[in-house]
Structures are given as structure tokens and as C-alpha cells.
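**Student:**
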Amino acid sequence: MSFLVNKFSFTNPRWHVFSRIIAAIFGGYASATASSLFISLLLQPIAGKYQAIHIGLMLTFFVYACAVMWVFTVTSASRAWLGLFKFNAFLLIGTWLLLQVNS
Amino acid sequence: MKDNFRQSMKWLHTWVGLAVGWVLFFMFLTGTLGYFYQEITRWMEPERPLVAHHYSNEKLIDIAQNYYDKHGAGDIEWDIILPTVRDNNLRVGWREPRKEGEKRSRYKVKVIDIDTASKVQTRETQGGRLLYRMHYRLHYLSTSLSYWIVGFCTMLMLLALITGVVIHKKIFSDFFTFRAKKGLPGWLDIHNVLSVIALPFHFMITYSGLLFFLFTYMVLSTDLQTNEEQYKEMRKEIYPRAAHIKSIGEAQDMLPISTLYQQVKNTNTWKADELSYVSVSAQNDINAQVAFVRHETDITYNPQDTVVVNGITGEIITQAALEYTTAGMIHNGLFSLHEGQFAGTIARWLYFFTGLIGTAMIASGLVLWTTKRKPQQLKKPKGPDFGYRLVEQLNIGTLIGLPIAIAMYFYANRLLPLTMADRANWEAHVMFISWALLLVYPAFRPKTKAWSEQLNLATVVFIFMPILNALTTNKHLGITLSHGDWQYAGFDLTMLVIGLTFAFAGVKFKKAQRNKRSQRVNSKGRPLNINTAVESELVLNKENRGAL
Amino acid sequence: MLLLICLGFSTMVLFCMAMEKHRQQVINSEVPQYLSNSFRPMAWLLLVITFYMSGDLYGWSIGPAVFFGALTAALLALILLLTYKAEVVPLLAIILPLAAISNFYL
Numbered sequence: 000m001s002f003l004v005n006k007f008s009f010t011n012p013r014w015h016v017f018s019r020i021i022a023a024i025f026g027g028y029a030s031a032t033a034s035s036l037f038i039s040l041l042l043q044p045i046a047g048k049y050q051a052i053h054i055g056l057m058l059t060f061f062v063y064a065c066a067v068m069w070v071f072t073v074t075s076a077s078r079a080w081l082g083l084f085k086f087n088a089f090l091l092i093g094t095w096l097l098l099q100v101n102s
Numbered sequence: 000m001k002d003n004f005r006q007s008m009k010w011l012h013t014w015v016g017l018a019v020g021w022v023l024f025f026m027f028l029t030g031t032l033g034y035f036y037q038e039i040t041r042w043m044e045p046e047r048p049l050v051a052h053h054y055s056n057e058k059l060i061d062i063a064q065n066y067y068d069k070h071g072a073g074d075i076e077w078d079i080i081l082p083t084v085r086d087n088n089l090r091v092g093w094r095e096p097r098k099e100g101e102k103r104s105r106y107k108v109k110v111i112d113i114d115t116a117s118k119v120q121t122r123e124t125q126g127g128r129l130l131y132r133m134h135y136r137l138h139y140l141s142t143s144l145s146y147w148i149v150g151f152c153t154m155l156m157l158l159a160l161i162t163g164v165v166i167h168k169k170i171f172s173d174f175f176t177f178r179a180k181k182g183l184p185g186w187l188d189i190h191n192v193l194s195v196i197a198l199p200f201h202f203m204i205t206y207s208g209l210l211f212f213l214f215t216y217m218v219l220s221t222d223l224q225t226n227e228e229q230y231k232e233m234r235k236e237i238y239p240r241a242a243h244i245k246s247i248g249e250a251q252d253m254l255p256i257s258t259l260y261q262q263v264k265n266t267n268t269w270k271a272d273e274l275s276y277v278s279v280s281a282q283n284d285i286n287a288q289v290a291f292v293r294h295e296t297d298i299t300y301n302p303q304d305t306v307v308v309n310g311i312t313g314e315i316i317t318q319a320a321l322e323y324t325t326a327g328m329i330h331n332g333l334f335s336l337h338e339g340q341f342a343g344t345i346a347r348w349l350y351f352f353t354g355l356i357g358t359a360m361i362a363s364g365l366v367l368w369t370t371k372r373k374p375q376q377l378k379k380p381k382g383p384d385f386g387y388r389l390v391e392q393l394n395i396g397t398l399i400g401l402p403i404a405i406a407m408y409f410y411a412n413r414l415l416p417l418t419m420a421d422r423a424n425w426e427a428h429v430m431f432i433s434w435a436l437l438l439v440y441p442a443f444r445p446k447t448k449a450w451s452e453q454l455n456l457a458t459v460v461f462i463f464m465p466i467l468n469a470l471t472t473n474k475h476l477g478i479t480l481s482h483g484d485w486q487y488a489g490f491d492l493t494m495l496v497i498g499l500t501f502a503f504a505g506v507k508f509k510k511a512q513r514n515k516r517s518q519r520v521n522s523k524g525r526p527l528n529i530n531t532a533v534e535s536e537l538v539l540n541k542e543n544r545g546a547l
Numbered sequence: 000m001l002l003l004i005c006l007g008f009s010t011m012v013l014f015c016m017a018m019e020k021h022r023q024q025v026i027n028s029e030v031p032q033y034l035s036n037s038f039r040p041m042a043w044l045l046l047v048i049t050f051y052m053s054g055d056l057y058g059w060s061i062g063p064a065v066f067f068g069a070l071t072a073a074l075l076a077l078i079l080l081l082t083y084k085a086e087v088v089p090l091l092a093i094i095l096p097l098a099a100i101s102n103f104y105l
């Protein structure tokens with residue numbers, strides 16, 4: 000019984016790893032998507048609408064990879080979540096601003 | 000997460016590799032075989048005639064057109080696929096009319112015997128194409144689920160590559176290091192060497208693999224940025240296609256295709272035997288067009304590869320060249336590099352070997368994980384952990400078991416009765432059933448025995464394949480080699496070489512086991528050879544302090 | 000293609016000799032300082048030449064891909080030789096490209 004409690008209690012270090020994994024997979028995907036929106040709006044005046052979207056999409060995999068790598072480098076899982084929120088917020092606000100500028 | 004950046008990356012590299020290593024091994028192995036899928040199909044359809052003579056293209060086109068006129072489904076679009084270096088049979092293909100309940104009409108290819116101008120009845124098989132399609136569509140799973148699984152694994156592969164480069168800080172000074180004789184550093188060195196010598200290829204194949212399903216994976220992003228119409232427009236821009244020729248409905252006789260071909264030859268700079276296939280659209284209609292296509296010569300699009308001719312008058316229709324944006328050119332260029340369709344014989348073998356290097360890189364990484372942990376795992380009071388045992392079992396069953404299973408696919412092709420119902424699918428079932436057995440039985444054997452047994456089985460199975468071919472068909476190596484049928488003979492010979500490689504591996508494995516046993520026996524007192532023991536300690540300590 | 004692999008082989012040998020650890024594997028005698036310092040620049044030069052030859056022989060889109068393939072083949076051969084038969088390496092590095100070039104142009 001105490002064994003089970005220990006396994007599932009949140010003080011078990013495995014939860015931190017699990018938390019990072021969730022942050023990496025879903026937060027990383029969110030960052031990738033947000034970055035593609037941001038990049039495509041950034042490049043639209045230069046490359047035309049469809050090519051800008053295309054370039055943004057092609058670069059997402061690297062953003063995703065970097066985000067995942069970053070999540071496993073920071074000192075704690077909560078810092079990882081916080082950092083991802085900040086990054087996504089920055090990208091989304093940037094995207095919104097670019098939308099205002101473009102239209 | 001760990002004390003420093005490199006250690007965290009090392010952790011990530013290890014776990015990312017371990018999570019999907021076996022799926023990646025499957026993808027790399029089937030994909031590498033896919034570079035030769037036409038040659039494999041040739042071997043799996045031994046009824047195809049040996050081609051002894053070389054007819055001119057015009058004669059071949061005539062034979063094909065006669066066949067189509069006699070047996071064609073009345074369809075207005077059909078293709079003539081001429082013999083190439085990779086497949087020296089003449090083939091005719093068209094879309095059968097759509098059957099009930101099918102989403103798309105099926106495209107059937109028929110092999111034509113040049114001498115008798117009739118169809119060759121080949122056994123029902125999915126050939127080499129199934130192997131290469133498995134590498135991105137897996138098997139038994141729905142297509143979209145497979146795409147997501149494959150995409151997840153490929154993303155982890157990309158992570159493994161990037162983290163691998165990051166942690167291998169001595170990438171240039173250790174470029175040529177391969178300490179072959181000393182156990183653990185040996186496997187790490189193998190893994191490093193295999194990754195480094197083909198690093199551009201590994202990155203290219205992984206990233207281009209992800210690009211294949213770009214719009215599937217980034218569905219959220221595309222949905223947010225484009226509506227349905229814009230999406231279709233964007234796709235047309237990224238994957239430009241020539242316009243589809245439709246028949247108007249007014250019948251008009253066409254010139255014979257070989258005549259059209261002669262006109263093309265007179266006005267073109269193509270070399271004599273470059274013609275690869277002929278595509279007829281709107282047959283016998285006022286809108287008839289015939290496209291003569293030569294073998295892909297380039298990674299990027301070359302408009303000179305296709306000549307389109309008006310089917311009635313024979314005049315050349317200058318097509319607007321397909322427009323590519325810069326990003327589109329990079330995207331499609333990466334597709335070209337991944338598929339290697341442009342590759343001639345030598346380049347294709349290079350692709351094959353480099354693919355095998357990638358496969359071996361993954362395999363060596365998986366073996367490295369167990370080898371590194373073996374000493375401390377064996378010392379545990381209740382025996383090795385569940386995780387360690389699971390990994391070792393998966394290793395045996397996949398790294399040796401999957402090649403054996405693929406060999407079983409070929410054996411099934413030869414041994415299953417020709418009139419069996421659903422034969423093509425059963426060849427694949429045999430492959431997966433044998434893989435399952437090979438994955439499960441190591442649980443009941445001591446691990447070293449399981450390794451040797453599977454290595455021995457692999458040796459026997461591959462070396463016996465040319466013999467099996469000789470016993471079950473009338474085209475054994477003596478005949479195919481003397482006829483110069485290099486696709487067929489090449490397959491038999493490659494199987495022999497693979498079998499010999501497994502034999503070599505088996506011998507090496509036995510030798511290593513014998514050395515370990517003698518070391519263990521003698522370490523009760525003093526190591527048998529003090530020099531090697533001390534030397535290996537120093538090597539491990541000094542040179543690996545940073546690298547591991 | 001064989002020409003490219005042989006040139007790639009020599010390039011990699013030169014890179015290898017530029018590093019002290021590997022040079023000692025290959026040559027037992029002492030090499031004068033000026034010579035060993037020149038190995039790396041020579042290696043880079045030969046690398047550029049090999050790249051140019053692949054572009055020249057195969058066209059500029061397929062050429063670079065073939066270049067990397069040839070390097071991979073050369074590296075694999077070199078590493079196996081270094082491990083098992085290091086003495087043969089400098090000799091091969093000189094003979095192979097000469098043989099390949101003469102075969103190619105004659």
C-alpha cells in the first residue's frame with residue numbers, strides 16, 4: 000500500500016520527468032504551430048502568401064526540436080512549463096501585431 | 000535537468016532512441032530495401048520472361064499498342080512502360096474501371112512478353128513495392144494512424160540526430176576512431192562512426208521524411224491560416240502538376256504511337272534509348288495527346304524530361320513549364336533526394352549502402368544500451384531488471400529477427416501455392432507471423448543462446464535463398480547470369496552476401512563469448528593478461544571521460 | 000564515381016594525418032613540422048577539388064549528393080583500414096587517385 004502511495008505521490012521524481020515529457024510533446028507542438036504563424040506573417044511581404052506559409056511550415060520541425068531540447072535542459076519542470084508559456088505568448092502576440100500591421 | 004547541458008542531451012538522446020528505436024529500425028530497413036523495389040519485384044515474379052534481345056523503342060511501342068487495342072478496357076488513358084535498366088520487361092498500364100465500394104479505380108500494370116505479344120501471367124504478389132510502402136504506411140494499421148506514428152518516430156529520430164551531434168563534442172578529433180577490440184568502447188565507436196560518416200544523409204532522409212506529410216502534421220497551423228480553397232491553391236503551388244487532359248467525346252483516329260515517337264526523336268536532343276514511358280491521354284479523341292517521358296535526370300524539375308505531342312497531327316505541343324517557387328523547389332528537391340528516383344546504378348547502390356549504414360547506426364545504438372548496462376545488471380540480486388530484459392529481447396527479435404522475417408516474405412513468395420486465395424496478403428502475413436515468433440521466443444531462452452540461434456538462422460535462411468530459387472523456379476543463377484539478367488541474379492547474389500555477413504557476425508559473436516568466458520574464469524584470481532586489462536582501464540578512463 | 004571515391008579517400012587520409020593521434024597510427028617515423036602542418040590545407044584543397052569534380056561529372060544538382068555518397072564510401076573504407084591495417088593507408092592514398100585519374104582520362 001505504501002509502495003503504491005510512493006509510486007503515485009507527486010513527490011516521486013518520475014512525475015517531473017513525465018511533466019517534462021508532456022510539456023515537450025504538447026507545448027513543443029504549440030510552439031511549433033505558433034512559430035509557423037509568426038514566421039509566415041513575417042515573411043508575407045517578401046515571399047507572397049502561400050510561399051510564406053510554406054516556409055513557416057517547413058521550419059516548424061526545427062523549432063519543435065529546439066523546444067524539446069530546451070525543455071529537458073532547464074532546471075525544473077515548472078520552469079519548462081513557464082518558459083513554454085512565455086515563448087508561445089510572445090509568438091502569439093507578435094502574430095497578432097503583425098496581423099494588425101499587414102491589414 | 001541533469002547537471003549540465005551535455006548530460007541532459009545525453010539523457011534525451013538515449014531515451015528518444017530507446018523509445019522508438021525498433022520502429023525506426025523497421026522503417027530504415029524496409030526503406031533501404033525500397034531503393035531496389037523494382038528489382039525485388041522482378042525476383043518475386045519469376046514468371047516474367049528473360050529478355051534476350053533488344054528491340055527498338057518503336058517496335059516495343061507497336062507491340063504494346065497492339066496489346067492495348069486488343070485487350071484494353073476501352074479506357075482513354077493508358078501508359079506504356081518501356082524496359083529500363085531496373086526492369087527489363089515491357090509493361091502496359093491503365094486504370095481499371097472503378098469497382099463497387101472502392102474509393103479509387105485501381106491502376107493495373109501488365110507485363111507483356113515481347114516474343115508472344117501477350118500478357119505474362121505472374122503470381123499474385125505485392126512484390127518489392129509492399130516492402131517500401133510499409134516503411135511509411137506500416138501494416139495492419141489505418142493510413143492516417145500510420146502516418147502519425149511514423150511522423151512521431153521521425154521527429155524523435157531528428158531529435159536523436161541533433162542531440163547526438165551535440166553530445167559528440169569530439170566529432171572531428173574522434174572522426175577516425177574505431178577501437179575495435181575492446182568491448183564497450185567498440186560499440187560506442189561503431190555507433191559514432193556510422194553516424195558521422197553519413198551524417199548529411201541521415202539529416203536529409205529524416206527531415207525530408209517529415210516533409211512528406213507536412214500538411215498532415217501541421218494541420219492546426221494550415222487550418223488557422225487558410226480556408227479550404229486557399230489550402231487547395233497552396234498545395235497546387237507547392238506540388239505543381241501538368242493539367243489533366245480530358246477527352247471531349249469527339250472520336251478521331253490517332254497516328255500510331257511509334258510514328259509519333261519517330262517525329263519526337265527527329266526534333267529532340269534525347270539519346271536513343273532514354274525513353275522511359277509513354278502516357279496516352281484521351282485516346283482516339285479529338286483532344287488526344289501523347290506524352291513521351293524520359294527517365295528522371297535531375298533532382299530538380301527538368302522540363303525537357305517530357306515531350307507532349309498532339310495525337311492526331313503529331314505536332315509538338317509546347318507545354319508551359321511547371322512553375323516552382325524557391326521554397327517549392329527546396330521541398331520537391333528534398334523529396335527527390337529522399338526517393339532517389341534519379342539515381343543510376345552506382346548511385347542507387349550508394350543509396351542502398353548508406354541506408355544500411357543508417358540502419359546499422361540505429362541497431363548499434365540499441366545494442367550499445369544493453370552492452371553498457373550489462374555488467375551492473377548481471378550483478379543484481381534478482382537478475383536483470385524488466386526494462387533491460389525487455390530491451391534485450393526486442394533487440395534480438397528485431398535486429399536479427401526482422402531481416403529473417405523479410406526473408407520469410409521472400410520464402411513465402413516461392414512456397415505458397417500459386418492458386419491460393421488472397422495469396423499476396425498471405426505473403427505479408429507470413430512475414431509478420433515469423434517476426435512475432437522471433438520476438439517472443441527469446442523470452443524462453445538464455446540471451447546469448449538466443450543471439451547465436453537467431454544469427455545462425457539468419458545465415459542459413461539467406462544463404463539458402465538462391466538454392467530455394469533454383470529448386471522452385473526455372474531461373475536459377477546459372478541461367479540468369481548467363482542471360483545477363485542482372486536484376487534477378489543480383490537479388491540472388493545479394494542474398495548470398497547478406498547470409499555471409501550474418502555468418503561473419505555469428506562467428507564474431509561466438510569468439511567474443513569465448514573470450515568473455517575465459518576472462519571470467521581467470522578473473523577469479525588475476526586477469527589472464529594483465530597488460531590488456533590495465534590498458535583497457537586506462538583507455539576507458541582517459542579517453543572516455545568527456546565523450547561518454 | 001570510383002574516381003570520386005578515390006579522391007575522397009585521399010582527402011580523408013590527409014585530414015587524418017593532420018591529427019597527431021591518427022598520424023602515429025599510420026606512420027612510425029617522425030614527420031617534419033612543416034609537412035605535417037601542410038596536411039590540413041592540402042586536405043581542404045583536395046576536398047574542394049573533389050566537390051568540383053562531382054559537379055562537373057554529374058551536373059550541379061546530382062553532383063553534391065553523389066559527392067556526399069562518395070565521401071561516405073571512402074570514409075568507411077578508411078576507418079576499416081585504419082583499424083586493421085594502418086600501414087597500407089599512406090600507400091593507398093597516393094596510388095588510388097593516381098590510378099583512378101589515369102584510368103579516367105586515358
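Taken in order, these protein sequences are the chains called A, R and V.
With numbering that gives the first Met the number 0, the residue at position 33 of the first sequence is 32, and numbering never jumps.
With numbering that gives the first Met the number 0, the residue at position 154 of the second sequence is 153, and numbering never jumps.
With numbering that gives the first Met the number 0, the residue at position 61 of the third sequence is 60, and numbering never jumps.
Don't be surprised by glycine CBs; every beta carbon is placed ideally from N, CA and C.
Predicted model only: the values in this text are computed from it and were never measured.
(1) Let me confirm a value: R/M419 is counted as buried when at least 16 other C-beta atoms fall within 10 Å, else exposed. Which label applies?
(2) Less than 7 Å between CB atoms is the rule here; does R/I345 satisfy it with respect to chain V?
(3) Count the C-beta pairs between the region 48 to 56 of chain R and the region 393 to 412 of chain R that are closer than 8 Å, then say yes if the count reaches three, no if not.
(4) Tell me the DSSP bridge mates of R/K118?
(5) Ordered along the chain, which non-local residues of its own chain (more than five positions away) have a Cβ less than 8 Å from that of R/T142?
(6) Give the interface partners of R/L349 over in chain D, defined as CB-CB distance under 7 Å, in chain order.
(7) Could you have a look at R/N309 and say whether DSSP puts it in helix, strand or coil?
(8) Kindly give me the distance between the Cβ atoms of R/D284 and R/S246, rounded to whole angstroms, as I take these residues to be in contact under 8 Å.
(9) Tell me the rounded alpha-carbon separation between R/H428 and R/N394.
(10) For R/I79, which residues in the same chain have their Cβ closer than 7 Å to its Cβ, ignoring the five residues on either side in sequence?
(11) Quick check: what's the CA-CA separation for R/R41 versus R/T83?
(12) Taking DSSP as the reference, what is the three-state secondary structure of R/R347?
(13) According to DSSP, what are the bridge partners of R/W93?
(14) I want to see whether chain R comes within less than 7 Å of V/L44, judged by CB atoms only; does it?
(15) Give the interface partners of A/S35 over in chain R, defined as CB-CB distance under 7 Å, in chain order.
(16) In whole angstroms, give me the CA-to-CA distance for R/W14 and R/W368.
(17) Would you mind telling me which residues of chain R sit closer than 7 Å to A/L97, beta carbon to beta carbon, in chain order?
(18) Would you kindly work out how many angstroms separate the C-alpha atoms of R/M43 and A/S35, rounded to a whole number?
(19) Can you check DSSP and say which residues form a bridge with R/D284?
(20) Please list, in chain order, all residues of the same chain as A/F86 whose beta carbon is under 7 Å from its beta carbon, the five residues on each side excluded.
(21) As a quick exercise: from R/K264, R/G364, R/K378, R/L213, pick the residue whose alpha carbon is nearest that of R/A331.
(22) For R/S55, does the three-state DSSP call read helix, strand or coil?
(23) Between the Cα of R/A290 and the Cα atoms of R/Q229, R/D297, R/Q282, which residue gives the shortest distance?
(24) Along the region 49 to 69 of chain A, where does the CB come closer than 9 Å to a CB of chain R? Name the residues.
(25) Under three-state DSSP, which class holds R/V289?
(26) With 7 Å set as the bound, which would you pick, yes or no: does the beta-carbon of R/L183 sit closer than that to a beta-carbon of chain V?
(27) Can you check which of these residues, A/V16, A/I21, A/F17, A/S39, is closest to A/L98 by C-alpha distance?
(28) When you compare the CB of R/P302 with every CB in chain V, is at least one pair closer than 7 Å?
(29) So, at 7 Å on beta carbons, what are the nonlocal neighbours of R/M328 in its own chain, with the 5 sequence-adjacent residues on each side left out?
(30) Within this structure, are the beta carbons of A/A76 and A/H15 separated by less than 7 Å?
(31) Exposed or buried, what is R/L144 when buried is set at 16 or more other beta-carbons lying within 10 Å of its beta-carbon?
(32) Could you name the residues that DSSP lists as bridge partners for R/I316?
(33) Measuring only the C-alpha atoms, how far is V/V47 from R/M156?
(34) Kindly list the residues whose CB is nearer than 7 Å to the CB of R/W21, restricted to its own chain and excluding five residues on each side of it in sequence; keep chain order.
(35) Using 7 Å as the threshold, is the C-beta distance between R/I345 and V/M41 below it?
(36) For R/L32 and R/E338, I'd like the C-alpha separation in whole angstroms.
**Tutor:** Reading from the atomic positions:
(1) Counted from its first residue, the second sequence places residue 419 of chain R at position 420. Under this definition R/M419 is an exposed residue.
(2) Here the question's residue 345 of chain R lines up with position 346 in the second sequence. Cβ-Cβ to chain V under 7 Å: yes for R/I345.
(3) no
(4) The residue given as residue 118 of chain R occupies position 119 in the second sequence. DSSP output for R/K118 lists R/I111 as bridge partner(s).
(5) The residue given as residue 142 of chain R occupies position 143 in the second sequence. R136, listed in sequence order.
(6) Of the protein chains in this structure, namely A, R and V, none is chain D.
(7) In the second sequence, counting from the first residue as 1, residue 309 of chain R sits at position 310. Three-state DSSP puts R/N309 in a strand.
(8) Translated into positions along the second sequence, residue 284 of chain R becomes position 285. Translated into positions along the second sequence, residue 246 of chain R becomes position 247. R/D284 to R/S246, Cβ: 4 Å. Contact.
(9) As a working note, residue 428 of chain R is residue 429 in the second sequence. As a working note, residue 394 of chain R is residue 395 in the second sequence. Answer to the nearest angstrom: the Cα atoms are 21 Å apart.
(10) Within the second sequence, numbered from 1, the residue matching residue 79 of chain R stands at position 80. Here the set comprises I60, A63, V91, Y276, V277.
(11) Position 42 of the second sequence, counting from 1, holds the residue named residue 41 of chain R. Position 84 of the second sequence, counting from 1, holds the residue named residue 83 of chain R. The straight-line gap from Cα to Cα measures roughly 12 Å.
(12) Against the second sequence, residue 347 of chain R aligns to sequence position 348. Residue state, collapsed to three classes: helix.
(13) In the second sequence, residue 93 of chain R corresponds to position 94, counting from 1. Note: R/W93 sits in a beta bridge opposite R/W77, R/K107.
(14) Here residue 44 of chain V corresponds to residue number 45 of the third sequence, with the count starting at 1. No - not a single Cβ of chain R is within 7 Å of the one on V/L44.
(15) Here residue 35 of chain A is taken as the residue at index 36 of the first sequence, counted from 1. The contacting residues are M217, S220.
(16) Working through the second sequence from its first residue, we reach residue 14 of chain R at position 15. Working through the second sequence from its first residue, we reach residue 368 of chain R at position 369. So the alpha carbons of these two residues sit roughly 10 Å apart.
(17) Along the first sequence, one-based indexing puts residue 97 of chain A at 98. None at all; the shortest Cβ gap to chain R is about 12 Å.
(18) Here residue 43 of chain R refers to the residue found at position 44 of the second sequence. Here residue 35 of chain A refers to the residue found at position 36 of the first sequence. Distance between the alpha carbons of R/M43 and A/S35: 45 Å.
(19) Counting from one through the second sequence, the residue named residue 284 of chain R turns up at place 285. Paired residues: R/A250.
(20) The residue labelled residue 86 of chain A in the question sits at position 87 within the first sequence. S30, listed in sequence order.
(21) Within the second sequence, numbered from 1, the residue matching residue 331 of chain R stands at position 332. The displayed chain sequence assigns Asn, not Ala, to residue 331 of chain R. Per the Cα distances, R/L213.
(22) Walking along the second sequence from the start, residue 55 of chain R turns up at place 56. The answer is coil: DSSP assigns R/S55 none of H, G, I, E or B.
(23) Along the second sequence, one-based indexing puts residue 290 of chain R at 291. Of R/Q229, R/D297, R/Q282, the residue nearest in Cα terms is R/Q282.
(24) Y49, Q50, A51, I52, H53, I54, G55, L56, M57, T59, F60, F61, Y63, A64, C65, V67, M68
(25) Position 290 of the second sequence holds residue 289 of chain R. Three-state result, R/V289: strand.
(26) Position 184 of the second sequence, counted from the first residue, corresponds to residue 183 of chain R. At R/L183, the pLDDT of 49 sits below 50, so the modelled position is not reliable; the number obtained from the coordinates is stated separately. Not an interface residue.
(27) One-based indexing of the first sequence puts residue 98 of chain A at position 99. Residue A/S39 is the option with its Cα nearest to A/L98.
(28) Stepping through the second sequence from its first residue, residue 302 of chain R is reached at position 303. Taking Cβ atoms only, chain V never reaches closer than 7 Å to R/P302, which makes this a no.
(29) Numbered from its first residue, the second sequence carries residue 328 of chain R at position 329. Once the five neighbours on either side are set aside, the close Cβ partners of R/M328 are T299.
(30) Within the first sequence, residue 76 of chain A is the residue found at index 77, counting from 1. Within the first sequence, residue 15 of chain A is the residue found at index 16, counting from 1. Result yes, Cβ atoms of A/A76 and A/H15 sit closer than 7 Å.
(31) Locating residue 144 of chain R in the second sequence gives position 145, counting from the first residue. Under this definition R/L144 is an exposed residue.
(32) For the purposes of this step, residue 316 of chain R is identified with residue 317 of the second sequence, where counting begins at 1. In the DSSP output, where bridge partners are listed per residue, R/I316 has R/V307.
(33) Translated into the one-based positions of the third sequence, residue 47 of chain V becomes position 48. Translated into the one-based positions of the second sequence, residue 156 of chain R becomes position 157. Cα-Cα distance, rounded: 31 Å.
(34) For the purposes of this step, residue 21 of chain R is taken as residue 22 along the second sequence, with counting starting at 1. The residues are L393, T397.
(35) What you label residue 345 of chain R is simply residue 346 of the second sequence in a count that begins at 1. What you label residue 41 of chain V is simply residue 42 of the third sequence in a count that begins at 1. No.
(36) The residue you call residue 32 of chain R lines up with position 33 of the second sequence. The residue you call residue 338 of chain R lines up with position 339 of the second sequence. If you take the alpha carbons of R/L32 and R/E338, they lie about 12 Å apart.
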